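Note that the sequence shown covers residues 125 to 713 in our numbering.
Cβ atoms here follow ideal geometry from the backbone N, Cα and C, with glycine treated the same way.
A quick note: this is a predicted structure, and the numbers were derived from the prediction, not measured.
Shown next, in structure tokens, is the structure this report addresses.
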Amino acid sequence: MLESLSALVFAAAISSLTAQDSDQYQFDREVLECVSVEDCTPYLMRRRGVRHTDDLIEHLVSVYSQAGADGRVAVIEAIGRAERFEARPGVQVAMHLPGYTEADQGRILALVSEDLFSDATVLLGHVGERLALLELMEAQDGQYNRASFVDAVSVAGDRAIPVFLPYMSSLIREDREEDAWTLANGLRTFRSSDAYSQFRVPITSASIQMLFELAASTATADEERLAAMILLQRGGDAIRTVEEGLLEMARGEHERLAPLALSALMEIRNHEIVPDLIAQCQSHGLGDERYFDLYGPCQFDYFQFLGPNAIPAGPRMLDLLNSEHLEFRLEVIKTLAAIGYRPAVPRLRELLRSEYWSEVIEAANALRSLDDRGYASIIEEVASTHWLPFAREELELVMSGWLTEAVEDEDADDRLWRFPEAEACASGRWAWQGAVIDEPGSDAIMTDPAENDFGRRMVLDLGAFQLIGTDRGEWSGELYIQSGEGDPVRLVEDNVLSMQRVEGGAIVATGLNHMMPGRGNIYLVTETNDGWHLSHLTEATGPSYGGLVRVSDGVFAAFELRPQPGSEQFVSVFHLSRGMLGVASCVSD
125 MLESLSALVF AAAISSLTAQ DSDQYQFDRE VLECVSVEDC TPYLMRRRGV RHTDDLIEHL
185 VSVYSQAGAD GRVAVIEAIG RAERFEARPG VQVAMHLPGY TEADQGRILA LVSEDLFSDA
245 TVLLGHVGER LALLELMEAQ DGQYNRASFV DAVSVAGDRA IPVFLPYMSS LIREDREEDA
305 WTLANGLRTF RSSDAYSQFR VPITSASIQM LFELAASTAT ADEERLAAMI LLQRGGDAIR
365 TVEEGLLEMA RGEHERLAPL ALSALMEIRN HEIVPDLIAQ CQSHGLGDER YFDLYGPCQF
425 DYFQFLGPNA IPAGPRMLDL LNSEHLEFRL EVIKTLAAIG YRPAVPRLRE LLRSEYWSEV
485 IEAANALRSL DDRGYASIIE EVASTHWLPF AREELELVMS GWLTEAVEDE DADDRLWRFP
545 EAEACASGRW AWQGAVIDEP GSDAIMTDPA ENDFGRRMVL DLGAFQLIGT DRGEWSGELY
605 IQSGEGDPVR LVEDNVLSMQ RVEGGAIVAT GLNHMMPGRG NIYLVTETND GWHLSHLTEA
665 TGPSYGGLVR VSDGVFAAFE LRPQPGSEQF VSVFHLSRGM LGVASCVSD
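As structure tokens, then:
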């Protein structure tokens, strides 16, 4: 019986494979037999179940090339009639055709104007001359992050620089520097498909030299110098031709050009700039929330990439552990481990006593990475007494070496190692030290997002003031304080999940859990003589999507949702002055 079933399954698989091969064979034969534009046009677009192999593309290019102007017009019109995502084979054929005229470029531009997502955008990037490329940018003004436009910029490459430069200068002049950056990013980024990669025009050393000379010229307007430097950073290995000049510029006094020169040097992995980068990081102050931006003043990812080559940054990096920002300190710990800075060991041992569970785990992992042979007994002690069961388990994994290997193994299954494991609470009721915890809620009122915004928006009334929180998922959110008709003042940049009144202010839960492990944070907002003050109360074990609730005087519970089946909720308990206290227990029925 089993043998008969296996034979049937095998026969069905062979039949399916044979049918697929048969369809491809039939398609290949029909395409190779078409000899005129009229006959070949039905085969230009993508079809389900078959592929346009290189041989087929080559044959179609031959047919349309022989037809000259009529062939170019026919393929452009066919692309215009195609459904989205079906036009790619036709565009590949069109990109091989010679002799495009201004009239042809106008026809393609008309298609681009009708559909900003069209692959015709990429075709115009490949065949368009200066005027057509300029019109392409104007047609897609503000749409520079569209995948098809990014591909068009990438394909145009070096040819686009003379067009981009004055256009980007005008964007900067109009206070649209972000658009200028987005536009330039296409020179390096190729996001849609590799289908057009063979057509890319690389940035040449001559263009990089021209851009650098323009940026270095004090006789040039600032917006043009900035535009030149933004473009220069997308030059890849060609940047090495102006490396010495960039080093001098990076150590110069121009407050806008110096950071851009440092950024360009990072593109070619220059080691000499490590002291400059760490000085730039320190100069912005340890309380600056811009530290959270890895493309901002503190280039942690760059230090980590350089590894031991960044050891000269070690002493100053160690000082940065004095930051009041937890997320920042975690990046510093990772960096100290990545560069192999062993003088950090005593301070890392101290952090094993941190009130923040993630800092304890990160410090333990760093000590293991630095091969500190005296760390095991300390970690063992902490693991036996830590309030969070998950932290105890993670510390044991660090000691065994499993955690480090799991993080470095990019092909490992998603172990969700950042999340505390918890038993599902069947009753849905929780308690802390004998006191039953009420259902969570929020004093804030949900409102519609502001105009031109999206996501969730909540408002908490504090009398003469209002707290306004937004949650836009992976695009982050903010917490603002506003008085009457005055302008709102931002207190922190993070997704706001819940807000509750307390005496003299409010507590706010923030965090993100989107397609990746994440942590939550609890903040206290209080009114002082100098205005409203935001202080970081504690690190939650996860984003508190479930809400906050008062347990007793000064004690609150955060209901944290979990992605794992069987552990939908996890309730941590914290004090307004003493921080995290522990984990609530499930009340059995």
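If you follow the beta strand (DSSP E) that residue i is in, where does it begin and where does it stop?
i	result
glycine 706	703-707
arginine 254	Note, arginine 254: premise wrong, no beta strand (DSSP E); alpha helix (DSSP H) at 254-263.
asparagine 645	644-652
arginine 581	580-585
glutamate 617	613-617
valine 159	Unbroken run through valine 159: none, as it is neither H nor E.
threonine 344	Careful: threonine 344 lies outside any beta strand (DSSP E) and carries neither H nor E.
glycine 629	629-635
How would you label residue i, buried or exposed, when you count the other beta carbons within 10 angstroms and need 16 or more for buried?
i	result
phenylalanine 680	buried
arginine 702	exposed
serine 242	buried
threonine 662	buried
aspartate 537	Confidence is the limiting factor: at aspartate 537 the pLDDT is only 40, short of 50, which leaves the residue's position unreliable, though a coordinate-based value still follows. By the neighbour-count rule (16 or more Cβ atoms within 10 Å), aspartate 537 is not buried but exposed.
valine 620	buried
histidine 395	exposed
tryptophan 599	exposed
histidine 570	Rather than histidine, the amino acid found at residue 570 in this sequence is methionine. Label assigned to methionine 570: exposed.
tyrosine 149	exposed
proline 399	exposed
threonine 177	exposed
serine 524	exposed
threonine 665	buried
glutamate 529	In this predicted model, glutamate 529 has a pLDDT of only 45, less than 50, meaning its place in the structure is not dependable; the value taken from the coordinates is given anyway. Its Cβ having fewer than 16 others within 10 Å, glutamate 529 is exposed.
glycine 644	buried
threonine 652	exposed
arginine 212	buried
glycine 489	Note that residue 489 is asparagine in the sequence shown, not glycine. Buried, since its Cβ has 16 or more Cβ neighbours within 10 Å.
glutamate 563	exposed
arginine 466	exposed
valine 695	buried
phenylalanine 209	exposed
glutamate 162	exposed
valine 287	buried
What are the start and end residues of the alpha helix (DSSP H) that includes residue i?
i	result
arginine 367	In the sequence as displayed, the identity of residue 367 is glutamate instead of arginine. Run containing glutamate 367: 367-374, per the alpha helix (DSSP H) assignment.
alanine 339	329-340
threonine 306	301-309
isoleucine 485	481-493
phenylalanine 114	The shown model of the chain, from 125 to 713, leaves out residue 114, and the question about it has no answer.
tyrosine 499	499-509
alanine 461	450-463
valine 325	Premise fails: valine 325 is in no alpha helix (DSSP H) and is neither H nor E.
alanine 280	271-280
glutamate 391	381-391
arginine 471	469-475
glycine 438	438-443
leucine 512	Looking at the DSSP string, leucine 512 is not in any alpha helix (DSSP H), and its letter there is neither H nor E.
alanine 244	244-251
Residue i bridges to which residues according to DSSP?
i	result
glutamine 606	Gln590
phenylalanine 680	Arg674 and Phe698
cysteine 710	Trp554
serine 293	DSSP output for serine 293 lists no bridge partner at all.
glutamine 624	Ile631
glutamine 658	The residue asked about is misnamed: residue 658 is leucine in this sequence, not glutamine. BP columns for leucine 658 point to Val649.
isoleucine 561	Trp554
glutamate 663	Asn645
isoleucine 569	Val583
aspartate 595	Arg580
Cβ pair count under 8 Å reaching 3, the segment 261-281 against the segment 345-353:
no
Please give me, in chain order, every unbroken run of the beta strand (DSSP E) with length at least 3 that falls completely inside the segment 168-239.
none
Between the segment 294-313 and the segment 207-226, do at least 3 Cβ pairs fall closer than 8 Å?
no
Contact between the segment 151-170 and the segment 196-210 (3+ Cβ pairs under 8 Å):
yes
Per the contact definition of three or more C-beta pairs closer than 8 Å, is the segment 469-488 in contact with the segment 512-524?
yes
Three-pair Cβ contact test at 8 Å for the segment 332-343 versus the segment 243-261
no
Are there three or more Cβ pairs, one per stretch, closer than 8 Å when the segment 441-460 is compared with the segment 623-638?
no
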